[in-house]
Amino acid sequence: MPMFTRRQFSASLAATALLPVLANAQSGEQKTLNIRFYDDPAGFDPANIFRVENENIAFNIYSGLTSYDSQTGEIVPDLAASWETEDNVTWVFRLREGVMFQKGYGEMTADDVIFSFERIMDPATASPYASQLAGIVRLEAPDPYTVVIELDAPNGNFLHTVANYHQGQILSRRAVADLDGQVRWNPIGTGPYYLEHIDVNSEIVLKRHEDYFRGPAPIETLHFRIIKDESTATIALRNGEVDLVMRSNREENLQTLQAAGFRMNMVESYGIVLKVMNLEFEPFSDKRVRHAIAHAIDYDAICNAIAPSLTEATPSILPRWMPIFSEDIPKYPYDPDRARALLAEAGYGSGLSFSHLGTSAQGVTEIQQFEIDFLSQVGISMTMDLVDTPTFNQRRNAGEFEMATRLLPAINPDMILFNYLHPDNMSPGGLNGARYDNPEVTELLVAARSEVDSDAAFKLYERAQQIVMDDLPYLPGYSNNVFWPGKTSVTGVQPNYLGQVNFFQVDISAS
Numbered sequence: 117m118p119m120f121t122r123r124q125f126s127a128s129l130a131a132t133a134l135l136p137v138l139a140n141a142q143s144g145e146q147k148t149l150n151i152r153f154y155d156d157p158a159g160f161d162p163a164n165i166f167r168v169e170n171e172n173i174a175f176n177i178y179s180g181l182t183s184y185d186s187q188t189g190e191i192v193p194d195l196a197a198s199w200e201t202e203d204n205v206t207w208v209f210r211l212r213e214g215v216m217f218q219k220g221y222g223e224m225t226a227d228d229v230i231f232s233f234e235r236i237m238d239p240a241t242a243s244p245y246a247s248q249l250a251g252i253v254r255l256e257a258p259d260p261y262t263v264v265i266e267l268d269a270p271n272g273n274f275l276h277t278v279a280n281y282h283q284g285q286i287l288s289r290r291a292v293a294d295l296d297g298q299v300r301w302n303p304i305g306t307g308p309y310y311l312e313h314i315d316v317n318s319e320i321v322l323k324r325h326e327d328y329f330r331g332p333a334p335i336e337t338l339h340f341r342i343i344k345d346e347s348t349a350t351i352a353l354r355n356g357e358v359d360l361v362m363r364s365n366r367e368e369n370l371q372t373l374q375a376a377g378f379r380m381n382m383v384e385s386y387g388i389v390l391k392v393m394n395l396e397f398e399p400f401s402d403k404r405v406r407h408a409i410a411h412a413i414d415y416d417a418i419c420n421a422i423a424p425s426l427t428e429a430t431p432s433i434l435p436r437w438m439p440i441f442s443e444d445i446p447k448y449p450y451d452p453d454r455a456r457a458l459l460a461e462a463g464y465g466s467g468l469s470f471s472h473l474g475t476s477a478q479g480v481t482e483i484q485q486f487e488i489d490f491l492s493q494v495g496i497s498m499t500m501d502l503v504d505t506p507t508f509n510q511r512r513n514a515g516e517f518e519m520a521t522r523l524l525p526a527i528n529p530d531m532i533l534f535n536y537l538h539p540d541n542m543s544p545g546g547l548n549g550a551r552y553d554n555p556e557v558t559e560l561l562v563a564a565r566s567e568v569d570s571d572a573a574f575k576l577y578e579r580a581q582q583i584v585m586d587d588l589p590y591l592p593g594y595s596n597n598v599f600w601p602g603k604t605s606v607t608g609v610q611p612n613y614l615g616q617v618n619f620f621q622v623d624i625s626a627s
């Protein structure tokens, strides 16, 4: 449901969120945690950061006005100690005093918050997250510790918008000026760790921010070792070369590690893996072709064959645990005969071909090999267009593909529904890579976001899901379970529903 905020955020809840300060304030130990990082780092600028592995780094460097509880996904205070709203249009955030930026950049104030949001909103920044802040019509700092934000319409989900994720991450105005805007490899935030060193070919080193407002983290150094190969990462953990593996995603490796007694830190169904079909590519502009592709691929069989612990076929672009998820939507059971008939109706009875954008680092995955085979059985040829990760990010952001895969981790329903379905968010400049535009869906989403009655909002969201799953600009394939296997001595590792780990909560025991 939308985040229906209390008129006044509870002072007792705000105080509860500060409890970790007491637990960690005396920490001065020089512990090092070695962590497997699984791809080429692509930078840590909140304006254009992409991919979960990079977001894990940024999540621990920056803070937002709000953040997420790792266990429940609920909104908790971060840089804002409290907030209030009367109408979900005007939001007043009361900032913590004495919050210090890393590397000597001084105290964080309301001016830095306003600067960070205006930077995302500035067309010159060309941020794909600018649309997230497009509803802001006024940013004001009546004093150094108060931020007033006025929206153009009620938004019960706004606390998600300013959370520690992408556009919600707060930068130092002075640091950005000193660095001449080069934030990508020089991130300065207020989080529990700062970037000490990076070699894009081998390692990322984060150091404890001793002046972190919740107190110093238990672990002094986070040493991320870049190990792309899954089997090599498994061996590295078993041999003690790393203590924790960021995202192990092969069934056989997980079984090996579980049998060896490693701790299987995980979160279930944290995101949906979608096929993004560019509706400007002629075959995909015909809904019958999109339906044919859906009927041609048997995701139940693929998930059961490859990774039943890691994946589950899903019928929707929304995860099942989200309160607005509806089962009452069009579904596409595996039916190759129906797929062939739809292709014939659309004028592609003799078949069609398209390219699928991917990364050379990942290669052609087992799931994609199955997809290629299933599609070929109905006369569809899918070829892989593999490029390096930075090029992949650039092309996917720009919408320069025929088909691409996107993982949708989300806690806030707007992160999926508005980002990927609203016409204002079409790529380039937004995450609507399919370039989908259905005025009825847009109207329903706006109404649902504004609705204060949860039952009425659900009905609006349900109708939107029904239309979208009939239009099918995005084909849901499967949901992911995320595993971070590690040594039993590494405690507090809890991936959240965005696939991020808050390393402030992680420690290494003596055993």
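Number 627 marks the last residue of the sequence shown (the working numbering); no jumps.
Positions of the beta carbon are idealized from the N, C-alpha and C atoms, including for glycine.
Cβ-Cβ distance between residue i and residue j below 7 Å
i, j, result
"residue 586", "residue 446", "yes"
"residue 471", "residue 507", "no"
"residue 244", "residue 615", "no"
"residue 369", "residue 384", "no"
"residue 415", "residue 594", "yes"
"residue 477", "residue 155", "yes"
"residue 322", "residue 309", "yes"
"residue 221", "residue 304", "yes"
"residue 503", "residue 412", "no"
"residue 619", "residue 176", "yes"
"residue 399", "residue 458", "no"
"residue 486", "residue 409", "no"
"residue 149", "residue 335", "yes"
"residue 60", "residue 392", "Within the shown structure, residues of the chain are numbered from 117 to 627, placing residue 60 beyond reach of any answer."
"residue 590", "residue 527", "no"
Residues near residue i by beta carbon distance below 6 Å, same chain, minus five either side
i, result
"residue 300", "159 and 161"
"residue 191", "182 and 275"
"residue 206", "266"
"residue 516", "none"
"residue 146", "336"
"residue 577", "440 and 564"
"residue 535", "541 and 547"
"residue 229", "263 and 286"
Three-state secondary structure (DSSP) of residue i
i, result
"residue 233", "helix"
"residue 574", "helix"
"residue 640", "Given a span of 117 to 627 for the chain in the structure shown, any question on residue 640 remains unanswerable."
"residue 251", "coil"
"residue 306", "coil"
"residue 152", "strand"
"residue 626", "coil"
"residue 347", "helix"
"residue 602", "strand"
"residue 315", "strand"
"residue 557", "helix"
"residue 523", "strand"
"residue 566", "helix"
"residue 461", "helix"
"residue 143", "Since pLDDT at residue 143 reaches only 46, below the 50 mark, its modelled position is unreliable, and no value is offered."
"residue 509", "helix"
"residue 585", "helix"
"residue 533", "helix"
"residue 363", "coil"
"residue 616", "coil"
"residue 170", "helix"
"residue 609", "coil"
"residue 219", "helix"
Contacting residues, own chain, Cβ-Cβ under 8 Å from residue i (five flanking each side not counted)
i, result
"residue 432", "388, 441, 442, 445, 581, 585 and 592"
"residue 249", "233, 236, 237, 277 and 283"
"residue 261", "210, 211, 212, 213, 225 and 226"
"residue 165", "158, 159, 171, 174 and 282"
"residue 374", "380 and 601"
"residue 491", "409, 412, 413, 497 and 498"
"residue 167", "155, 158, 505 and 509"
Which residues DSSP lists as bridging residue i, in chain order
i, result
"residue 500", "472"
"residue 199", "209"
"residue 339", "150 and 321"
"residue 428", "595"
Same chain, Cβ closer than 7 Å to residue i, five either side skipped, listed in chain order
i, result
"residue 438", "529"
"residue 316", "156 and 157"
"residue 537", "548, 552, 557, 561 and 584"
Quiz item: Is the stretch 549-556 close to the stretch 413-426, with three or more CB pairs under 8 Å?
Solution: No: the two stretches stay apart, fewer than three of their Cβ pairs being nearer than 8 Å.
Self-check item: Validate contact between the stretch 204-220 and the stretch 322-333 using beta carbons, cut 8 Å, 3 pairs
Solution: Yes, they touch.
Quiz item: Given 8 Å as the limit, is there contact between the stretch 396-412 and the stretch 456-467, that is, 3 or more CB pairs closer than that?
Solution: Under the Cβ criterion (8 Å, minimum of three pairs), the stretch 396-412 counts as touching the stretch 456-467.
Quiz item: Three or more beta-carbon pairs under 8 Å between the stretch 345-363 and the stretch 477-488, yes or no?
Solution: Between the stretch 345-363 and the stretch 477-488, the count of C-beta pairs closer than 8 Å stays below three; the two stretches do not touch.
Self-check item: Touch test, the stretch 565-583 against the stretch 335-346, Cβ-Cβ under 8 Å, three pairs minimum
Solution: Flag = no, the stretch 565-583 and the stretch 335-346 do not touch.
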